[in-house]
Amino acid sequence: MDEHHATFEDIKTALTSSPILGYPVYDGKAQFVNQTDASTTAIGVILYQENRNDQWVITYNSCILTDAET
Numbered sequence: 001m002d003e004h005h006a007t008f009e010d011i012k013t014a015l016t017s018s019p020i021l022g023y024p025v026y027d028g029k030a031q032f033v034n035q036t037d038a039s040t041t042a043i044g045v046i047l048y049q050e051n052r053n054d055q056w057v058i059t060y061n062s063c064i065l066t067d068a069e070t
């Protein structure tokens, strides 16, 4: 197996292994963070929570903008 194929397999494993998404925690200790990114053609967002020791993604979302939205 060449280096590129091995790297590809590592990425596939990382993207499909637990934990992929987490559940929101409403204990008052974990802060919600909404991270956004936009270009002239698309918008992306990640909603995650973090506390002192950890971060976990709750959801990812993105969309391609229509001509009227650009």
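What the sequence shown shows, in UniProt numbering, is residues 1 to 70, in sequence order. Backbone N, C-alpha and C fix where the C-beta goes; we use that ideal spot for every residue, glycine too. Note that the coordinates shown come from a computational prediction; the quantities given were computed from them, not determined experimentally.
Cα-Cα separation, residue 47 to residue 13: 22 Å
First and last residue of the uninterrupted alpha helix (DSSP H) at residue 27: Looking at the DSSP string, residue 27 is not in any alpha helix (DSSP H), and its letter there is neither H nor E.
So, using beta-carbon positions, are residue 25 and residue 35 closer together than 9 Å? no
Taking a contact to mean a Cβ-Cβ separation below 9 Å, would you say residue 17 touches residue 42 in this structure? no
Start and end of the alpha helix (DSSP H) containing residue 72? Because the chain spans 1 through 70 in this model, residue 72 falls outside it and cannot be assessed.
Sub-9 Å separation of residue 68 and residue 49 beta-carbons: no
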